[in-house]
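255 is the number that the working numbering gives the last residue of the sequence shown; the numbers go up by one with no jumps.
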Amino acid sequence: MHKLGQNFLHDHNIIGKLVDASGVQEGELVVEVGPGTGALTEALLERGCSVIACELDKGLTGLLQDKFGNTITLIHDDCLQKKKLNPEIIEAIDGRTWKLVSNLPYQIASPLMVGILAEHQTCLGQYVTIQYEVAQRLMASVNSSDWGVLSILVQRLADVELITKVPNTCFWPQPKITSACVGIVPKPVQPVNSVEFALFVTALFAKRRKQIGTIIGRDVALPEGVTEDMRPATLTIQQLEEIYTTVKTSEGQI
């Protein structure tokens, strides 16, 4: 049952805090990735939610089917297909608004969260349990050691809130690391060019120790407040957007 490396959240107090923070209402559509043994699923059903649960493990899928039957829409597959949300999940959502409420498998957390933010505007919020170190990166401030691609891409599109830290004793089997529940709520006005901007920032931070002038070329006009000797980790999201626009306009290459 544990062959895919999942750690099952069993602490009902933490589960309650996560569900409360999500603000889900009766009849609301929720996608749950990695439901495991169904502790969170059960809490969501108690709130009257309509649940789409995606579980990769065959044994756990059978357990969930026996436990919940037709009260949930159960998908036995990977939640990501070629780094995008599984088409079967999208088909089940069927154009409705929804929330992601999940104890996420650690290995897929970052690409899933960013992908949903960038490509699925019908998602009203993500309320997830993830590694605490990933949560720190999501909430990082500019010029800190955790400020990087994940911080920038998520904070550009959403507001991030720490719901609670989660000690390893709340899981079975116990992981060696601390986890956290976070809420990620999309901003009302979404910027354009999310995919292109993501590629730009990823390329910049691949050379994070180099100076901006060296990376993009010293003939590119920099926005006010940015100098050639600054490094990517010292730049705010607004400054990065301005540099991106300048580079794109001048057809510069990174």
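Glycine included, C-beta positions come from ideal geometry on N, C-alpha and C.
Please read these numbers as outputs of a predicted model, since none were measured by experiment.
Per DSSP, Q132 is one residue of the beta strand (DSSP E) stretching across 124-132. In the DSSP assignment, E162 falls outside any alpha helix (DSSP H) and within the unbroken beta strand (DSSP E) covering 159-167.
Fully enclosed alpha helix (DSSP H) runs of no fewer than 4 residues occupy 40-47, 59-69 of the segment 37-80, in order along the chain. No Cβ-Cβ contact shorter than 8 Å links W99 with T72. Looking only at R157, L158, C182, the smallest Cα-Cα distance to N169 is reached by C182. Note on the segment 174-199: whole beta strand (DSSP E) runs with a minimum of 3 residues are 180-187, in chain order. Between E33 and the set E27, Q26, T42, V25, the nearest pair of CA atoms involves T42. About 14 Å separates the Cβ atoms of L45 and T130, ruling out a contact at the 8 Å cut-off. Counting of Cβ neighbours within 10 angstroms places E56 among the buried residues, the total reaching 16 or more. Contact check for D230 against G218 fails: the beta carbons are separated by 8 Å or more. Using a Cβ distance threshold of 8 Å, V196 and V155 do not count as a contacting pair. Relative to the Cα of N194, the nearest Cα in the group E243, L113, I16 belongs to E243.
Around the beta carbon of D58, a 10 Å sphere encloses 16 or more other beta carbons of the protein chains shown; the residue is thus reported as buried. A distance of 8 Å or more separates the beta carbons of I216 and L223.
Membership of N14 in the alpha helix (DSSP H) is indicated by the continuous run 13-23. If you draw a straight line from the Cα of A110 to the Cα of G226, it is about 34 Å long. Per DSSP, reduced to three states, the secondary structure at Q82 is strand. Where E243 is concerned, the enclosing alpha helix (DSSP H) starts and stops at 238-251.
For the 8 Å CB-CB criterion, S23 and V143 do not form a contact. Rounded to the nearest angstrom, the gap between the Cα atoms of G49 and G39 is 15 Å.
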